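Undergrad: Numbering (my numbering), first residue to last: 687 to 869. Just so you know, even glycine gets a beta-carbon here, dropped at the ideal spot from N, CA and C. Just so it is clear, the structure is predicted and the values come from calculations on it, not from any experiment.
1) Can you give me the C-alpha to C-alpha distance between residue 857 and residue 800, rounded to a whole angstrom?
2) Using the C-alpha atoms, what's the distance from residue 791 back to residue 826?
3) My guess is that residue 828 and residue 794 are in contact by the Cβ rule of under 8 Å, so how many angstroms apart are they, rounded?
4) In whole angstroms, what is the alpha-carbon distance linking residue 836 and residue 772?
5) In terms of residues, what are the limits of the alpha helix (DSSP H) holding residue 772?
6) Under 7 Å Cβ to Cβ from residue 797, same chain only, skipping five residues before and after it: list those, please.
7) Could you tell me the alpha carbon to alpha carbon distance between residue 831 and residue 779, rounded to whole angstroms?
8) Just checking my contact of residue 808 with residue 774 at CB under 8 Å: how many whole Å lie between their CB atoms?
9) When the Cα atoms are used, what is the spatial distance from residue 816 to residue 786?
10) If I measure Cβ to Cβ from residue 802 and keep anything under 8 Å in the same chain, skipping five residues before and after, which residues do I get?
11) Report the rounded CA-to-CA distance for residue 851 versus residue 866, giving the unit in angstroms.
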């Protein structure tokens, strides 16, 4: 019913504006009628669109929620292979932390044009002191090209062997993390 009123209002507005030249008094009346019709059309459209917008917003929200749920789990549902690392770290002057979200066997590799390895530190708790203390006071658990069994909740820190404390040059090196799948 609302659509019929909207359509009638639009047709009336078009008929009034298509009449051509009119006498001044008639023109003023036509302008007044057109503005009343435009207000009626705006109200009818806003009533229709507010209901449709709410339904559309609910649909978009549901779709986003479903997509987020799929994105959150797809990382581990899909077997990781050498073409799909879970994480890639590429600034040798920074220290990186990888939070283990799933128990499993993880492989750490290095890549890039420079053959510079990364030290890997595996901790059960987050390291809250300055990273230089991790580097200077702990022995790495491994160096890239290393595999370890990790548990959810552990923290893995990556410090390149050419880093902000040992070098002033950037290297073309990367550390990559892979979740190994059972075959």
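TA: According to the structure data:
1) Your numbering for residue 857 matches position 171 in the chain shown. Your numbering for residue 800 matches position 114 in the chain shown. In a straight line, the C-alpha of residue 857 is about 6 Å away from that of residue 800.
2) By one-based count along the chain shown, residue 826 stands at place 140. By one-based count along the chain shown, residue 791 stands at place 105. Their backbone Cα atoms lie some 18 Å apart in a straight line.
3) Stepping through the chain shown from its first residue, residue 828 is reached at position 142. Stepping through the chain shown from its first residue, residue 794 is reached at position 108. Confirmed, Cβ separation roughly 7 Å.
4) Working through the chain shown from its first residue, we reach residue 836 at position 150. Working through the chain shown from its first residue, we reach residue 772 at position 86. The alpha-carbon atoms of residue 836 and residue 772 are separated by roughly 14 Å.
5) Mapped onto the chain shown, residue 772 falls at position 86. That residue, residue 772, is in no alpha helix (DSSP H); it is neither H nor E in DSSP.
6) Indexing the chain shown from 1 puts residue 797 at position 111. Around residue 797: 860 and 862.
7) Reading the chain shown from its first residue, position 145 is the one you call residue 831. Reading the chain shown from its first residue, position 93 is the one you call residue 779. Whole-angstrom Cα-Cα distance: 20 Å.
8) Counted from its first residue, the chain shown places residue 808 at position 122. Counted from its first residue, the chain shown places residue 774 at position 88. The Cβ separation is near 19 Å, so there is no contact.
9) Counted from its first residue, the chain shown places residue 816 at position 130. Counted from its first residue, the chain shown places residue 786 at position 100. Distance between the alpha carbons of residue 816 and residue 786: 21 Å.
10) For the purposes of this step, residue 802 is taken as the residue at position 116 of the chain shown. If we look at residue 802 and ignore the five residues flanking it on each side, its Cβ neighbours are 778, 796, 846, 847, 848, 857 and 859.
11) Numbered from 1 along the chain shown, position 165 holds the residue referred to as residue 851. Numbered from 1 along the chain shown, position 180 holds the residue referred to as residue 866. Rounded to whole angstroms, residue 851 to residue 866 spans 32 Å at the Cα level.
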